[in-house]
Amino acid sequence: MDQIQAKRDRLLRQAARAYGAAGLLASFAVLSTPQSAGSLAYWMCVPFYILGGVCVGMIGARRGIAWPLGLAGAALAIALTLAFVAPSPGSAQGLAVAALLGGGVPGALLALLAMRRGWLWFWLAALATAAAALLAVEPALRPLAASVVLLGFAIAHGVGYLLGSSIPPALRQMAEVGRAHRAERQASELEVQRRQSARLLHDTVLATLTLLAHSGRGVSEEALREQAKNDAHLLRQLRLGEPLFALPGAGYLPEPVEETTLGTTLDSVKERFDQLGLDVSWHGTGKVLLPPGVLDGFLFAITECLENVRRHSGVSLAHVTITEDERVVRAMVTDAGRGFEVESVATERLGLKESVIARLAELGGSARLFSAPGAGTTVLLEVPR
Amino acid sequence: MSSTGFVERVTGRRHAAIGTRRIWLGTVILLGLQIVFDFATTLQHLDVIRDAVAVFTAWAIVLVADASVIVVTRILGEHLPNWLFWLWYTALALAVALDVAGSWGAPNPGETLSVGVSACLSLILAVVTRSTVQVLSAAAGLGAATALAWGLTDAYSAETVHDAVFTLCQMLLPVAVAALITDSFRRLMRRETEEMLSHSAIAAPRLTVGIEASEQLARLDLAAESLLSAVADGRMRLPLSDEVAKRAGGLATELRLHLLASRSKTWLGLAIDESTLLRQDVRLDDPSASAGLLGTRQRAALLSAIWLLHDERGVSSRSGHAPIVLGFGEPTAAIESDSLEALSIRVDIPGSTRMMIDPGVWEHFAQVGRYREALDGHGIRIDIHCLVPASRGAARGRTDT
């Protein structure tokens, strides 16, 4: 709540500065017209205007009542100077004083309302200003002068009141917006989680899109069409929020159980690469239990490696060996293809590094790459159990 | 991220900020007072007004125009459509012209102008619904036209020019003051709203994506779906044309980037990125996404401190525009306990001194961890040493509860 109070006070001070500056400016502009400009009284007032200008400039920046009171003091000095030094007070002087005491001073003293019992001080200042105004004008104009000053203070008080009282309802309104926003964010977080838990789906979509980008060369048209159909169907289900695992014939989807066996899913990966013209030979453990999130990432890494083999190695056979101990599950993806300079691939923008290594690192796992030109490639993937 | 802040996105309005209804009511009351006063002026000067019919027509125009604007603004909930604003402005300009013409040749035009003052002051009704610049320039336009017309009359004389100046001040300054105050109010509310909205990021898991990124992912999925189904049902012939193949490649790249990027954003990056105000002033340097390790209370305190630091920069000079830099180190093993890790956060505030920093900032930092501040040549530097739950290997950690 302290913070709110500080904000309200700052707002009042900013209002006081603008309001006070406007009154001072109007007064100075009116006084600087031919009727009074250049007279002795005018030149005596100029320093007070400068002083008032400095005070009003400081109101917004600094706390404390010295600055608004400083402006009020300068204004009273101007009013009294004009009353007693000018030979025959004309209507220009009258208007200048009215702008000052009925506009600038009440405006600047708005800053008092930021204090505790500020309104009391504000109205005491109003009475003092009115008294000074009475002193400064001829008897005939006294009622008018007093009412101009008091009306000016009343309007300023109204402005201060409206500003101060605007804040609590605004905060209530804001809290409502905030609740709505939190709900939106939560929903989006859920949506992302849903889409992210469909990572495996995205991985196959990515593979299909990449194939299409290469105009589907090297893959039978039939197979590509079939795969596009599967993927489009899955994306549609994802969009409509239907449970993905209910899809018949889509073996590579994550199953809705906490722990999934790797075996069945590995088979579906093999099938898919078969269609794409890469023979995958599995070795080692057939059944591995992994939490679904880890399984997804692990499978993605294997598929990504196989996709690389298919695209770059120049051979049509890859070996995948899966081993495990108490702590980690390991997969070794090997081919006897043309191999490459490891350094040159590490710099590739969207290569193995970002996709596989980053994804496994997120799961607490790692990927290591061994290759040399002409000597085939081996990727060692590890994830914790 | 988009260039508009999420305040606009959430409130859906460009100029009407939250909570300006009372200010608007205030402007209506003020305008009412001025109209009564000016109408009295008209009656008082009836003998010098050359064409009373013109002046009373102007009164009718102003009253009808203002009343309709008030009603429409009220009905639409502090909103004034563009076309109505310009129609209204034209009506007000016409009223000013009629008044100036009607009192043409009066011995003291500055004192005689009555409905013209009310017409110009009517623009005060728009301070809540239009941008400050627009209101100010509209008022300045009317004021300048009036002053120009007076300059052309024969009645201009050195003896009465102060009345003209006073009348112009009456026409312009209240509008200007109201516009500036509303502007301050809007900025305050905007800042508060942004802070509150940014706090909603606190509950995010260690790594997350923003609302926009999530929407973008959904859009990419949709694009991929339509492309794939077009291939599947044969609407697109295989092999694909170069153009479509390129599109598929582009989609794949974007999708891949998205799936990668989605995992690299922390709640803090999100809060800073989504806020227009913080984005200008704060830079985050957190390559290992350590900010995500902080607990909920630490996050709230850190974010509040950042907002207070941002406020100070708004108040002090705008010249030194070097951003505040938040640097997060890697978590290291803590001496205190096995289940905790130590994390160091370094906050660089260029061009600041201890005096300039709100005391609340230190309270907030103390809730994040132990801190130490040091002055260097360019400003103040704060090192925070805090303890976070051990993350065990990787980013599987969530926020503590």
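So the sequence lines, in the order shown, correspond to chains C and H.
Quick note: the first sequence uses this note's numbering, first residue -16, plus one each step.
Quick note: the second sequence uses this note's numbering, first residue 1412, plus one each step.
All C-beta atoms in this analysis are idealised placements derived from N, C-alpha and C, irrespective of residue type, glycine included.
In this structure G1513(H) does not touch D1477(H) by the C-beta definition: roughly 19 Å separates them, more than the 8 Å allowed.
Taking Q1545(H) as reference, the option from A1663(H), Y1500(H), T1564(H) and V1526(H) with the minimal CA-CA separation is Y1500(H). CA-to-CA, the gap between V1439(H) and I1481(H) works out to about 8 Å. H1796(H) sits in a strand when the DSSP states are folded into three classes.
The alpha-carbon of I61(C) is positioned some 35 Å away from that of R1433(H). Between W1678(H) and I1613(H), the gap from beta carbon to beta carbon is short of 8 Å. Counting along the chain, D1510(H) sits inside no beta strand (DSSP E); it lies in the alpha helix (DSSP H) bounded by residues N1493 to G1513. By the Cβ-count criterion, W26(C) is exposed, with fewer than 16 other Cβ atoms from all chains shown falling within 10 Å of its own Cβ. In this structure A49(C) does not touch V142(C) by the C-beta definition: roughly 22 Å separates them, more than the 8 Å allowed. Taking a C-beta distance under 8 Å as the contact criterion, T187(C) and D214(C) qualify as a contact pair. Distance from the CA of S1763(H) to the CA of F1496(H), rounded to the nearest whole angstrom, comes to 44 Å.
For P1761(H), there is no enclosing alpha helix (DSSP H); the enclosing beta strand (DSSP E) covers residues L1751 to P1761. Annotation for M315(C): the continuous beta strand (DSSP E) segment containing it runs V311 to D318. Listed in chain order, the non-local C-beta contacts of M41(C) below 7 Å within the same chain comprise W50, local neighbours out to five positions each way being set aside. Within chain H, no residue has its CB atom less than 8 Å from the CB of H295(C), the nearest being about 16 Å off. The DSSP-derived three-state label of H266(C) is strand.
Only F1577, C1580, L1584, A1587, V1588, L1591, I1592, S1595, F1596, L1599, M1600, E1603 and T1604 from the stretch 1577 to 1604 of chain H bring a Cβ to less than 7 Å from some Cβ of chain C. Annotation: the continuous alpha helix (DSSP H) that includes I1434(H) extends over R1432 to Q1455.
E209(C): member of the alpha helix (DSSP H) spanning E204 to L223, first to last residue.
Inter-segment contact for the stretch 27 to 35 of chain C and the stretch 129 to 137 of chain C is absent: fewer than three beta-carbon pairs are separated by less than 8 Å. Taking the beta carbon of V1572(H) as reference, the chain C residues within 7 Å of it are T16 and P17, listed in sequence order. The C-alpha of D1697(H) is placed about 37 Å away from the C-alpha of P356(C).
Under the 8 Å criterion on CB atoms, L189(C) is classed as interfacial with respect to chain H. Look at Q258(C): its C-beta is not under 8 Å from any C-beta on chain H. Chain H has no Cβ within less than 8 Å of the Cβ of Q(-12)(C). S1625(H) belongs to the set of residues whose beta carbon lies under 8 Å from a beta carbon in chain C. Contact between the stretch 1531 to 1549 of chain H and the stretch 1440 to 1450 of chain H is present: 3 or more CB-CB pairs across the two stretches fall below 8 Å.
Within chain C, L195, R208 and A211 have C-beta atoms less than 7 Å from the C-beta of V1642(H), given in sequence order. Burial state of N1493(H) is exposed, judged by a 10 Å Cβ sphere holding fewer than 16 other Cβ atoms.
By the Cβ-count criterion, W102(C) is exposed, with fewer than 16 other Cβ atoms from all chains shown falling within 10 Å of its own Cβ.
Of the residues L1633(H), S1595(H) and W1561(H), the one whose Cα lies closest to the Cα of D1574(H) is W1561(H). Between the C-alpha atoms of R100(C) and V1586(H) there is a straight-line separation of about 29 Å. Among the residues of chain H, those whose CB is under 8 Å from the CB of Y2(C) are V1588 and I1592, following chain order.
Between R1757(H) and R1792(H) a beta carbon distance of about 7 Å is seen, short of the 8 Å cut, so the two are scored as contacting. Within a 10 Å sphere around the beta-carbon of A1682(H) sit 16 or more other beta-carbons, which makes this residue buried. Pairwise C-beta distances place the stretch 337 to 352 of chain C out of contact with the stretch 294 to 304 of chain C, as fewer than three of them are shorter than 8 Å.
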